[in-house]
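Notes follow once the structure below has been shown.
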Amino acid sequence: MNQPEKKIFILFRGLGALGEQSLYILTDLGRMGTFLFFALVGLFKRPFRFRELLKQLAFIGAGSFSVIFFTALSSGMVLGLQGYYSLNKFGAEGMLGSAVSLTLIMELGPILTALMVTGRAGSSMCAEIGIMRISEQIDALECMAIDPFRYLISPKFLAVLISVPLLTAVFDVVGLMGGYLTGVLLKGVNSGSFFNGMQQSVTNHDIRMGVIKSVVFALLLVWISTGRGYFVQKIRGAGFGAESVSKVTTQAVVLSSISVLIFDYLLTAVLL
6 MNQPEKKIFI LFRGLGALGE QSLYILTDLG RMGTFLFFAL VGLFKRPFRF
56 RELLKQLAFI GAGSFSVIFF TALSSGMVLG LQGYYSLNKF GAEGMLGSAV
106 SLTLIMELGP ILTALMVTGR AGSSMCAEIG IMRISEQIDA LECMAIDPFR
156 YLISPKFLAV LISVPLLTAV FDVVGLMGGY LTGVLLKGVN SGSFFNGMQQ
206 SVTNHDIRMG VIKSVVFALL LVWISTGRGY FVQKIRGAGF GAESVSKVTT
256 QAVVLSSISV LIFDYLLTAV LL
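The opening position of the sequence shown corresponds to residue 6 in the working numbering, with each subsequent residue numbered one higher.
Next comes the structure, spelled out in structure tokens:
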């Protein structure tokens, strides 16, 4: 093969690989979109598995409380400390309550809660469903005419959609406590100024933005986590067996985290 022919061969091989990758991405998006549709439809099918819902609420919500509490407390204390030193340069220590509350409610609360739940519960959900898929348990449900979405996926969706906004509210409250501890008790900021700054700066729009973000992030993390596990055998590079579950679990956590950060910017740009 001469040099021009080699260049043409390399060019066409690159175009083929690009086309193959594009087709895979489109197929995966369509597959995940269909998965989301059936998971949401399963929420309205009867009989609904309330016992499974309570089990998932206990695992996702109550089980994540401790990690959310300590993450929120440390984040609030760091915000209070850094905010004090930044505002002290301009003689505006009285605005510390405003800075801490807005940062937590609009940004850090929804983002860090979603990331913590993704790392703890999202990875577990992906691994659980992936193991059920490779061990043909989901195929067995379908053979017994049991809808796997109503039976397995939809309770997880509803549990995450309930738990994450509530955990975000807990994060905000605990984070404000942490900011109060470092700002007021440690650095001597006036307590009245701290709470007055919160009251004057935080509006219903800010709270609504935090709630919307928490709901969207919850949907993203449960959709990606359960979907990656459900389609474990159809994901490129996943392989088969236990190794495939570990790979898609890592992929689910990474994709969920990136999606949360991307949608945080998009929602902020739209809602502000």
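Every residue, glycine too, gets a C-beta built ideally from N, C-alpha and C.
Locate the alpha helix (DSSP H) running through residue i, then write down its first and last residues.
i      : result
Ile143 : Gln142 to Cys148
Ala119 : Gly114 to Val122
Ala164 : Ser159 to Tyr185
Met130 : Ser128 to Ile139
Gln238 : First-last for Gln238: undefined, no H or E at that position.
Val189 : Per DSSP, Val189 belongs to no alpha helix (DSSP H) and is neither H nor E.
Phe200 : Ser196 to Ser206
Leu101 : Leu101 to Thr108
On the premise that residue j lies in contact with residue i, defined as a C-beta separation below 8 Å, what is that separation, rounded to the nearest angstrom?
i      : j      : result
Leu172 : Thr231 : Rounded, the Cβ-Cβ distance is 18 Å, inconsistent with contact.
Gly202 : Leu109 : In fact, because the Cβ distance is near 13 Å, the residues do not count as touching under 8 Å.
Ser159 : Leu48  : 5 Å
Tyr89  : Leu107 : That belief does not hold up - the Cβ atoms of Tyr89 and Leu107 are roughly 15 Å apart, past 8 Å.
Val165 : Ile65  : 6 Å
Gly135 : Val250 : 4 Å
Ala77  : Phe176 : 4 Å
Leu62  : Ser168 : 6 Å
Going along the chain, which residues of its own chain have a beta-carbon closer than 7 Å to the beta-carbon of residue i, five neighbours each way excluded?
i      : result
Met111 : Asp211, Met214 and Gly215
Quick one: residues in its chain with C-beta nearer than 6 Å to the C-beta of residue i, no 5 flanking neighbours on either side, listed in chain order?
i      : result
Ser264 : Leu225
Thr2   : The question about residue 2 has no answer, for the chain in this structure spans 6 to 277.
Phe55  : none
Val194 : Glu98, Leu101 and Gly188
Leu266 : none
For residue i, which residues from the same chain have a beta carbon less than 8 Å from its beta carbon, with the 5 sequence-adjacent residues on both sides left out?
i      : result
Glu147 : Pro153
Pro170 : Val216, Ser219, Val220 and Ala223
Gln205 : Ser103
Open item on the list: For the region 181-188 against the region 77-85, do three or more pairs of beta-carbon atoms, one drawn from each stretch, fall closer than 8 Å, so that the two count as touching?
Closed with: yes
Task: the region 148-158 in contact with the region 246-266 per 3-pair CB rule at 8 Å - done: no
Task: Segments of 4+ residues assigned as alpha helix (DSSP H) that fall wholly inside the region 26-98 - done: 55-61 and 70-93
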